[in-house]
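Number 419 in UniProt numbering belongs to position 419 of the sequence shown; there are no gaps in the numbering.
Note that CB positions come from ideal geometry on N, CA and C, so glycine has one too.
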Amino acid sequence: MNTTEVALAIEARWVIPVIPQGVVLEHTTVLINDDGSIHAILPTAEARATFQATRVVRLEHHALMPGLINLHTHAAMTLMRGMADDLPLMDWLQHHIWPAERAAVTPRFVRDGTLLASAEMLAGGVTCFNDMYFYPDAAAEAVVQAGIRAHLGLVVMDFPSAYATDADDYLLKGLEARDGWRGTSRITSSLAPHAPYTMSDRSFEKVMTYAEQLGLGIHTHLHETRTELDQSVAQYGIRPIQRMADLGILGPGLVAAHAVHLDEAERTLLKEFGCHIAHCPASNLKLGSGIANVPAMLETGINVGLGTDGAASNNRLDMFAEMRLAALLAKGASEDAAVVPATTALEMATINGARALGLDDKIGSIEPGKLADLVAIDMDSAICNPCFDPVSHLVYVAGREHVTHTWVAGELCYQEGIYAHVEPAELKEITTQWYPKLSPFRV
Ligand SMILES: CSC[C@H]1O[C@@H](n2cnc3c(O)ncnc32)[C@H](O)[C@@H]1O
Ligand SMILES: [Zn+2]
Numbered sequence: 001m002n003t004t005e006v007a008l009a010i011e012a013r014w015v016i017p018v019i020p021q022g023v024v025l026e027h028t029t030v031l032i033n034d035d036g037s038i039h040a041i042l043p044t045a046e047a048r049a050t051f052q053a054t055r056v057v058r059l060e061h062h063a064l065m066p067g068l069i070n071l072h073t074h075a076a077m078t079l080m081r082g083m084a085d086d087l088p089l090m091d092w093l094q095h096h097i098w099p100a101e102r103a104a105v106t107p108r109f110v111r112d113g114t115l116l117a118s119a120e121m122l123a124g125g126v127t128c129f130n131d132m133y134f135y136p137d138a139a140a141e142a143v144v145q146a147g148i149r150a151h152l153g154l155v156v157m158d159f160p161s162a163y164a165t166d167a168d169d170y171l172l173k174g175l176e177a178r179d180g181w182r183g184t185s186r187i188t189s190s191l192a193p194h195a196p197y198t199m200s201d202r203s204f205e206k207v208m209t210y211a212e213q214l215g216l217g218i219h220t221h222l223h224e225t226r227t228e229l230d231q232s233v234a235q236y237g238i239r240p241i242q243r244m245a246d247l248g249i250l251g252p253g254l255v256a257a258h259a260v261h262l263d264e265a266e267r268t269l270l271k272e273f274g275c276h277i278a279h280c281p282a283s284n285l286k287l288g289s290g291i292a293n294v295p296a297m298l299e300t301g302i303n304v305g306l307g308t309d310g311a312a313s314n315n316r317l318d319m320f321a322e323m324r325l326a327a328l329l330a331k332g333a334s335e336d337a338a339v340v341p342a343t344t345a346l347e348m349a350t351i352n353g354a355r356a357l358g359l360d361d362k363i364g365s366i367e368p369g370k371l372a373d374l375v376a377i378d379m380d381s382a383i384c385n386p387c388f389d390p391v392s393h394l395v396y397v398a399g400r401e402h403v404t405h406t407w408v409a410g411e412l413c414y415q416e417g418i419y420a421h422v423e424p425a426e427l428k429e430i431t432t433q434w435y436p437k438l439s440p441f442r443v
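Quick look at the structure:
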């Protein structure tokens, strides 16, 4: 019998494609083309009979799922992990993080911190992250080195920083940075106005003009704390979402990070405009911001993805932890065990994130034609046996420590403690170098 050639065949005990919804395939092989796209998904016996793969990976006890998509990060903040804990958002930002950022953030800081974050995320099954930080060109350098995929926000705010002076300067620098990574297939961009409380109406209007002209999405913090809402009412007479609506910011390109405090009318508005929410359960809890009403968001029909936020407020970039927390918090807060089942939590961490970034034609599920951004999880550990339902185990039992392989566009970027493009010694050197520079800001 004639066989067709493919670059890679991954044979897995279970394949969880995410689309179609709720499907779990057993003894299945994902066949991958030379260009990193998925060729076909077939029962392993059939794949072996029909295809000749240059490389075969046999995962007898593993689940293979789409790479996790971290929908809200500040990757470089890994260098500030644990520097200022147990503080509410505004105190944390104004008295600790922003002073440290003014003093320490340089292109090198962002490159180093983003490399550290990329390594942590690849080892935890994350293949794509939606970032917002200063010097995105330096972040891009680290992303390219690590081999991960990133949607880099071109940050804008009205406050001067080491990076830029005012909104025009942020926009100029961001757009210049974007020119530098055009043609880099694993990097895409958005405009990232920081938050309603750091942006004037005029600056938001400028962001909107560029977003429309360049076809870019918008990534912003929105309705994160009650303080943010109270300040907005005091200054503008309206809550931030209404202000965003009046400024024309709401739309299908908007990813609103946090959205902890929403009333029913605001949820309806976000749904009607097709906005997306990056739910960040761990960061919301650690900063004492509150518990987002995810069941109500989903009930309204809003697309909700999951994010870690930065490592300085989480303090992990662990999407397995976020999936579990999202499911448990929703049940506990609503007193309804049926809300956010494991399947939904997994969708939030994969296909919903892809939809929010406008990348769902390429990533977020295991489907022919999509890119092979894939993660293998060892399900043979004692705590994963017996396994009645691998999706249940992925959300409620397994952790990032069970991730064995992470592929981005068919490239094996991480396998069992070894990175394709990052040396552990380099990561150690980075943390050793930055620690003394950040120590003076420690609480
Ligand atoms: C201008 S780059 C991004 C900016 O955001 C800050 N930041 C980190 N975490 C949060 C958060 O939860 N809410 C608001 N702002 C946050 C970060 O320190 C940078 O200054
Ligand atoms: Zn954030």
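Query: How would you write the range of the alpha helix (DSSP H) that Q231 sits in, first residue to last?; Result: R226 to Y236
Query: Give the C-beta separation of I302 and E266 to the nearest angstrom, bearing in mind that I take them to be a contact with Cβ-Cβ under 8 Å.; Result: Rounded, the Cβ-Cβ distance is 10 Å, inconsistent with contact.
Query: In this structure, how does DSSP classify T127 when only helix, strand and coil are distinguished?; Result: strand
Query: So what does DSSP say about P88, is it helix, strand or coil?; Result: coil
Query: Would you say the beta carbon of D309 is closer than 6 Å to some non-hydrogen atom of ligand 2?; Result: yes
Query: Measure the beta-carbon distance from G307 to N352 and round it to whole angstroms, keeping in mind my assumption that it falls under 8 Å.; Result: Not really, about 11 Å apart at Cβ, beyond 8 Å.
Query: Taking one C-beta from the segment 411 to 419 and one from the segment 114 to 124 each time, how about it: are there three or more such pairs within less than 8 Å?; Result: yes
Query: Go ahead and label H95 buried or exposed: buried means 16 or more other beta carbons lie within 10 angstroms of its beta carbon, across all protein chains shown.; Result: exposed
Query: Based on the DSSP secondary-structure assignment, which residues constitute the bridge partners of I69?; Result: C128
Query: Judging by CA-CA distance, which residue of A337, S392 and I366 is the nearest neighbour of T343?; Result: S392
Query: Below 8 Å on the Cβ atoms is my guess for A146 versus V422; work out the distance and round it to an integer in Å.; Result: 6 Å
Query: Leaving aside the five residues before and after A296 along the sequence, list all residues of the same chain whose C-beta is less than 7 Å from its C-beta, in chain order.; Result: R267
Query: What I want to know is whether the C-beta of H261 ends up closer than 6 Å to one or more non-hydrogen atoms of ligand 3.; Result: Annotation note on ligand 3: not contained in the displayed structure, which lists ligand 1 and ligand 2 as its ligands.
Query: For ligand 2, any of its heavy atoms closer than 6 Å to the Cβ of A278?; Result: no
Query: For T225 and T198, I'd like the C-alpha separation in whole angstroms.; Result: 14 Å
Query: Would you call the segment 239 to 254 and the segment 202 to 215 touching, i.e. three or more CB-CB distances under 8 Å?; Result: yes
Query: Tell me whether A257 counts as near ligand 2, meaning its Cβ is closer than 6 Å to at least one heavy atom of that ligand.; Result: yes
Query: For the pair the segment 5 to 19 and the segment 53 to 66, tell me if three or more CB-CB distances fall below 8 Å.; Result: yes
Query: By how many angstroms is the C-alpha of L394 removed from the C-alpha of D378?; Result: 10 Å
Query: Provide the residue span of the beta strand (DSSP E) that contains N33, from first to last.; Result: Note, N33: premise wrong, no beta strand (DSSP E); not H, not E.
Query: Just to confirm the assignment: which complete alpha helix (DSSP H) runs, minimum length 4, are found wholly within the segment 2 to 57?; Result: 44 to 50
Query: Where are the beta strand (DSSP E) runs, 3 residues long or more, that stay fully inside the segment 375 to 430, in chain order?; Result: 403 to 408 and 411 to 415
Query: Quick one, which of L31, L427 and A327 has its alpha-carbon nearest D373's?; Result: L31
Query: Can you tell me whether H223 sits near ligand 1, meaning its C-beta is under 6 Å from at least one heavy atom of the ligand?; Result: no
Query: Note the first and the last residue of the continuous beta strand (DSSP E) segment covering S313.; Result: It is not in any beta strand (DSSP E) - S313 carries neither H nor E in the DSSP assignment.
Query: For G310, which residues from the same chain have a beta carbon less than 7 Å from its beta carbon, with the 5 sequence-adjacent residues on both sides left out?; Result: T73, H74 and M77
Query: Whole angstroms is fine: what's the gap from G237's alpha carbon to D230's?; Result: 9 Å
Query: State the Cα-Cα distance for the pair D85 and P99, rounded to the nearest angstrom.; Result: 15 Å
Query: In its own chain, which residues sit with a C-beta less than 7 Å from the C-beta of V233, not counting the 5 before and 5 after it?; Result: R239
Query: Quick one: grab the DSSP three-state call for T198.; Result: helix
Query: So, is G67 buried or exposed, given that buried needs 16 or more other C-beta atoms within 10 angstroms?; Result: buried
Query: DSSP puts Y133 in a beta bridge; with which residues?; Result: L154
Query: Let me see if you follow: with CB-CB separation under 7 Å, is G174 close to chain C or not?; Result: Absent from the structure: chain C. Only one protein chain is present.
Query: At the level of alpha carbons, what is the spacing between G274 and G251?; Result: 6 Å
Query: How many whole angstroms separate the CB atoms of N33 and M319, which I take to be in contact at a CB cut-off of 8 Å?; Result: With 8 Å as the limit, N33 and M319 do not qualify as a contact, their Cβ atoms being about 27 Å apart.
Query: Between A104, A162, T127 and E101, which lies nearest to R400 when the distance is taken from Cα to Cα?; Result: T127
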